[in-house]
Structure formats: structure tokens, C-alpha cells
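Trainee: These protein sequences, in sequence, are chains E and R. Reminder that position 96 of the first sequence reads as 347 in this note's numbering, one-by-one numbering, no gaps. Reminder that position 186 of the second sequence reads as 1134 in this note's numbering, one-by-one numbering, no gaps.
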Amino acid sequence: MNSITDPTGSTVDDGPALMRPRRTTADAVRGWLRFMRGNKMMMIGATLLLLIVIVAVFTPLIAPYSYNEMMTSGRPFARPSASHLFGTDNFGRDVFSRVVFGSRISLGVALVSVFFGTLLGVPLGMLAGYIGGWFDSLVMRFSDAVMSIPTILMAVAVTAMVGSGLRVVILTLAIVYIPGGARLARGMVYSVKEREYVAAAQVIGERRTQTLLRYIFPNIVAPIIVQATLRLSSAVLAEATISYLGYGTQAPTPSWGLMLADSQVYMWQAPLLAIFPGLALVLLVLAGNLAGDGLRDLLDPKFRGSLQ
Amino acid sequence: MIQPSHQSDPYVAVKNVTIAFELSGGRKLVAVDDVSFEINRGEILGIVGESGSGKTILAKSILQLVPPPGKIEQGSILIDGVDILQYSDEEMRKRVRGTEVSMIFQEPLSALNPSFSVEWQIEEVFKLHREHDRNTRRQMAVELLRKVSIPDPERRIKEYPHQFSGGMQQRVLIAIALACDPKLLIADEPTTALDVTVQADIMDLLQKMREETGLAILLISHNLNLVTERSDRIMVLYASQLMEMGPSALIAERPLHPYTIGLMDSVPDIEVEDQKITAIPGEMPDLTVRRGGCVFQPRCKMAMEVCERIAPELIEVEPRHVCRCHLFSSEYSGVKSGGR
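(1) Can you give the Cα-Cα distance for E:Leu496 and E:Ala512, rounded to whole angstroms?
(2) Report, in whole angstroms, the separation of the C-beta atoms of E:Tyr448 and R:Ser1058, which I expect to be a contact under 8 Å.
(3) So R:Lys1042 contacts chain E; which residues on that side make the cut at Cβ distance below 8 Å?
(4) Hey, would you say E:Gly296 sits closer than 8 Å to E:Ala538, going by beta carbons?
(5) Do we get a CB-CB distance below 8 Å when we pair R:Met1157 with the residues of chain E?
(6) Could you tell me if R:Val960 is buried or exposed, where buried requires 16 or more neighbouring beta carbons within 10 angstroms of its beta carbon?
(7) In the DSSP assignment, the beta strand (DSSP E) including R:Tyr1186 goes from what residue to what residue?
(8) Under 7 Å from any heavy atom of the ligand ADP, does the C-beta of R:Thr1236 make it?
(9) Identify every run of the alpha helix (DSSP H) within the stretch 1147-1196 of chain R, keeping only runs that are complete inside it and at least 4 residues long; order them along the chain.
(10) Of all the CB atoms in chain R, is at least one closer than 8 Å to the CB of E:Ala560?
(11) Determine, using beta carbons only, whether R:Val1146 and R:Gly1194 come nearer to each other than 8 Å.
(12) Based on Cα-Cα distance, which residue from E:Tyr466, E:Trp385 and E:Val363 lies nearest to E:Leu424?
(13) Under a Cβ-count criterion, where at least 16 other Cβ atoms within 10 Å of its own Cβ denotes burial, should R:Cys1273 be classed as buried or exposed?
(14) So R:Arg1272 is in the beta strand (DSSP E); what residue range does that whole segment cover?
(15) Let me know if E:Pro505 comes out buried or exposed under the rule of 16 or more other beta-carbons within 10 Å of its beta-carbon.
(16) Below 9 Å on C-beta distance, what does E:Pro474 contact in chain R?
(17) Looking only at its chain, what residues have a beta carbon closer than 6 Å to the beta carbon of E:Arg547, apart from the 5 residues adjacent to it on each side?
(18) Taking only beta-carbon atoms, is R:Glu1055 less than 8 Å away from chain E?
(19) With 8 Å set as the bound, which would you pick, yes or no: does the beta-carbon of R:Arg1085 sit closer than that to a beta-carbon of chain E?
(20) Closer than 7 Å by beta-carbon distance: list the chain R residues that pair up with E:Tyr448, in chain order.
(21) Measure from the alpha carbon of E:Leu300 to the alpha carbon of each residue in E:Met398, E:Ser494, E:Leu549 and E:Ser484, then state which is nearest.
(22) I'd like the list of long-range same chain contacts for E:Leu435, defined as Cβ closer than 6 Å, with 5 residues on each side in sequence excluded.
(23) So, for E:Ala329: in the same chain, excluding its five sequence neighbours on each side, which residues have a beta-carbon less than 7 Å away from its beta-carbon?
(24) Is E:Met321 helix, strand or coil by DSSP?
(25) Please report how far the alpha carbon of R:Ile1122 lies from the alpha carbon of R:Met1151, in whole angstroms.
(26) Along the beta strand (DSSP E) that carries R:Ile1105, what are the first and last residues, could you check?
(27) Less than 8 Å between the CB atoms is what I'm expecting for R:Ile992 and R:Arg1158, so what's the real figure, rounded?
(28) Spell out a yes or no on whether the stretch 1126-1136 of chain R and the stretch 1097-1104 of chain R are touching, meaning 3 or more CB-CB pairs, one atom from each, closer than 8 Å.
(29) Could you please tell me which residues of the stretch 993-1014 of chain R, in chain order, have their CB closer than 9 Å to any CB of chain E?
(30) Following the continuous beta strand (DSSP E) through R:Glu1055, name the residue where it begins and the one where it ends.
(31) Which residue marks the beginning of the beta strand (DSSP E) containing R:Thr966, and which one marks its end?
(32) How many angstroms separate the CA atom of R:Val1270 from the CA atom of R:Met1191?
(33) Over the uninterrupted alpha helix (DSSP H) stretch that includes E:Leu534, give me the two end residues.
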């Protein structure tokens, strides 16, 4: 009777991976690939994301020039050509190289800030949900307080405390992402801790910490992963916003947000200067969202049937 | 460790236990009201009662796992003569839960951790209470699955809970519960979520385990037929009070309490044609309100004037058969025996 979790009607042994017994890694990978083939949107998102990650990792190999190198041969505001794929900017710097370098800033900031936000928020929320009582109230009031501060305002405050630059963006976003992770984890713990298998764990004499780690955490981890993934794209946008407003990355670091801000002045003369970093931004956010949505479906057995 | 005492002594003795839930606004819900009973080694004791009668909470008190804000307000629970209500949570974990008393649940799928294989879940019990090495644990886990009649245990042990059918899941749950040889198994509606044919298999399995290991079983159910058929003794709970308790054969043959009679009449009998099934009118009283008389009086067909004023005590109507009803007290009623 696999009908409950196996709406595809396939037999136990060849279904998609993850919630199934992970016999070998190869099996799991094959399952994932099969799922991806069934989910076009996720495939597009994941491929795009992979491409951007490759660009970020191999930046020095891909970018023909340094992000800060002014072209002695060329002139400012050059149109796209074979030597400058995206043209040059007001200082005669190669826009293509700057966009490629910018992928490192965007991805780096997003990954690090979401990582730390989740790392702090989720355990806090899990404890709040599990212990309940005054500790729960304390954590939730704290997260209400943090959530009531707009991201930009938080960036201004952090700037006032530690100065500007990349770390401001990372610190700001990490703080901003704590309450969301905490709230999600708390809510999930609240619903899961009433399940009978948590009661069953107590019955066999399981410790409370073990119950939280082994019986509750594995069963709430999927939504947390999905939330973190979707947050990556929002972090990319937030970084661009903060840098655009001048609180984050400072020139000449090639943040996409900063490039957008700089190109604003020449909007009418050289619209391409704004279009390329903007397009990169759109693609990365789109890729992140598609991959996140697909991941949600992948991690939720109930979604599998409708997608294949 | 709890030392085994004389075999004739009851394994578990629950004495005058009252469990209450402190509600907001200072109200108090009494979920178990001064209940006493005993479970002998190897005995199957059935608890019958409708939802909310306090069956599950009473059973969970033996594990000291009454869900908060519920509290055991008075009474004592002796396992082998030792009052476990004096134990700390740590002592409960080490000395009682899983090793002396264990429990299985109504929904086997939701009682198994969906993220881990059956093997992990069985071995976890060994890890908690025994000091076997990995190989021994593995072998014992497979052996355990074989004992609860799961075919092809070597292969199936690697599988995850959702890959088993409902009946097989319940078998896995029984295997986990019995891994460290508890002396008492609390079975909370173990077959309610299963097909009728599977129900019988599971009950047969539980009885087999009882015969092989001398396991005592506390069988909680609202299914009177199942309980009378499968248990040695029955206790009937209504509105957190013990209404009637006695040997199953006696109660099936000649129920005393009007509530028990009502329960019996509301169950269809497959061998009787054109049978009238009568429901007990009304519903359970609000447990947060204390009233003077008998808790069943508002729904009782045989209620007398006295029932409204004075709460009846438990009366031993015949040896080992007690009943909480004025019909059997010489003081308030001339009638000496009830019956249908």
C-alpha cells in the first residue's frame, strides 16, 4: 500500500528519491534528475543558477579585463563590440567584465547573509516552539521588533554602527532574516510536536534534546530549505537596493545595484549601461525563485504526482 | 531498577489517582477522578469509555506523560510496589519508559518518525536502554520484526514507515514498543485505524506476545465488543470516573451499570436479526463543573431521586465486580441486582 505517498502509481523501487530509501547516491541523483525533467520551470531555474554560479566561480577566467581597468585604447560609452561585449562605461571600463565580477558580490552576499540569518533564526525558533512559555514569548517579541524595522532603515542603522561596505549589507540582511527563519521554525515545531511520533519518542524513553533533533528537526527541514532558497533571490535584490542607495558596496566594487545607481546619470545617453546589470539581476532572481519553487515541490511528496 | 516482587502482587497498582487540567480563568478540568485499579502480570485489562472520558490520560499517567497543563493531583502509581510518581523525568526515562511500560497508538503511520528507516527507529530503543554493539543491535532488530510477523524482515527493515501498509506499520510500532521487553504495553485504540480483517491480526499478535512473554496489556478502546472479546477484565470509564470494573465474561454476560448496559445496547450484534440499536441519549457533562449527584444521572434511564443529590460510591456487587450506582446500594435501593 504505497498509495498514500506514491500518487504516481509507480512501484516503490523506481520512484523519485529523497523520502525514499537512499540506497545509493547514484539512485538519488537519478531520481532528482527524473523529477527535474518533469518540472520544466525548475530545470530552467536550476540551469540558469548553475550557469551564474559557474560564472561567479570562474570569474577571472571569463572576464576579459579587470573590473577596474580603464581602457586606454577604448573610449568611455563605447557601444558593444567584439572586444567589449557589453560596451564600456563612463570611465571606459569593460561593462561585461564588471557584470561578471558583480555575480560574485551578488551571490556571495546572498549566500553568506541567508546562511547566517538561517543559522541564527532557525535554532532560536525551534527552541521557542519546543520550550514554549516565556522563552517563546521573548523570542517572538524580539522577532516582532526586528521585523518592524524596514530593511533600508536597518542598513542605515548598521552603517552608523560599523561603517559602510560589503559587511554592512551582509550584517543587515543576516539580522533581517533572523525573524523569518525563527517564525517558520517555531510554527513548524508547534505543529510537529503534537504528532504522535513525538509522543512515541517520549514513550520509549527518548531525551528531550534528542526528540527535538531526531524526531522534530528532520521533519521540518524541507520548508526551511525552501524558505532559505527563496530568500537567496530576495537577498540579491536587497543587496542591490542597499548598494543602489549608497549604504552598501562602495565604488569601484562592481555590485550590480551600484552599477545601476551609477548608470542612472547617463540613462538617456547610454541606456545599455543600466540594462546589462539590470538584466543580470533579473536573471539571477528569476533563477533563484524558479529553483526555490521547484525545490518546494521536490521536497513535498504531495506535489510530485501533479507535476509529472 | 524495579525489583520483581511476589508474583501474586499486582504489577501495576493505580491508587486514587486524580488528574486535573488547570484552565485559563481559574477553571479546572478533572480528567481522571479518583480512579484506582490494578494490572496483574500477563493480564489484559480493557478500558472502555467514550471520547473524553479520560481513558488515554489515565493510561499515560502510568508513563508520567500526562500532557501539560495536566497534572496528577493526588494518588499513587506503584509499579512492582515502587511509587513511580516520586521519580524524576530522568528516572522515568531510564527505569520505566520503554523498559517497564511502553505504548502503541491509534494511527500507526503518524506514530512512526517519517524521516528515518524502521531499522533506525528500532535500534534507537536499543541505543537508549541496552549496551549492545552495532551488529547485535541489527540482528536483534531483524529478529524483532520476525517476531511481529513481518515477512522478509532483512529487506523490509531498511524501508521507511510510509512504505508499509497500515497493519504492517502497527506491527512495526509494536516491535519498537516491545524492543526492550516491557512488562506492560499500553495499547491506545491499536486497531481503530485499521481494516477489520487486519484488526483481528493485530489483536492476535498482541495476544501471542502476551502468551510468549507474560506481557500485560492495557487495552484502551471505545469498541466494547473488541474489549470484551480480548481482555480478561474490563473497566468502564464515564466522565473521568470509574463506573464499573470486573471480569470480561461477567460484564459481557450481565452488565450492572446503566451506562455499561447502554453501551452494550448501542452495539449491533451480528447474530440477532431485526435488532433495535439504542443510543444513549444526551452527551457527556462538562468536566469543569462539579455537580453533586451521579455524573451519569442526566442520561440515565433508571435514575432515581437520590441520584441527583448524592454521588454513588463504588460497590462490590459480587466478588471482583464493582459498580458505581445507587441501584446496588442497600441504603438507597431495594433492588439487589440490575441486569437488563
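Note that beta-carbon positions come from the ideal geometry of N, C-alpha and C, so glycine has one too.
Mentor: Checking against the coordinates, here is how it stands:
(1) 8 Å
(2) Sure, about 6 Å apart at Cβ, within 8 Å.
(3) Gly456
(4) yes
(5) no
(6) buried
(7) According to the DSSP assignment, R:Tyr1186 belongs to the beta strand (DSSP E) that extends over Arg1181 to Tyr1186.
(8) As far as ligands go, the structure on display features none, and thus does not contain the ligand ADP.
(9) 1172-1178
(10) Shown here, chain E extends from 252 to 559; a query on residue 560 of chain E therefore has no answer.
(11) no
(12) E:Val363
(13) With 16 or more other Cβ atoms within 10 Å, it is buried.
(14) His1269 to Arg1272
(15) buried
(16) Per Cβ cutoff of 9 Å: no residues; E:Pro474 is ~14 Å from chain R at best.
(17) Val477
(18) yes
(19) Chain E places no beta carbon closer than 8 Å to that of R:Arg1085, leaving this residue out of the contacts.
(20) Contacts between E:Tyr448 and chain R, judged by CB atoms closer than 7 Å, involve Ser1058, Ala1059, Leu1060 and Asn1061 in chain order.
(21) E:Ser484
(22) Gln478
(23) Spatial neighbours of E:Ala329 in its own chain (CB-CB distance under 7 Å, excluding positions within 5 residues in sequence) are listed in chain order as His335, Gly338 and Thr339.
(24) strand
(25) R:Ile1122 and R:Met1151 have their alpha carbons spaced roughly 11 Å apart.
(26) Careful: R:Ile1105 lies outside any beta strand (DSSP E) and carries neither H nor E.
(27) 7 Å
(28) Short answer: they don't touch.
(29) Lys1008, Leu1011 and Leu1013
(30) Element bounds for R:Glu1055: n/a, residue is neither H nor E.
(31) Val960 to Glu970
(32) 8 Å
(33) Leu523 to Leu550
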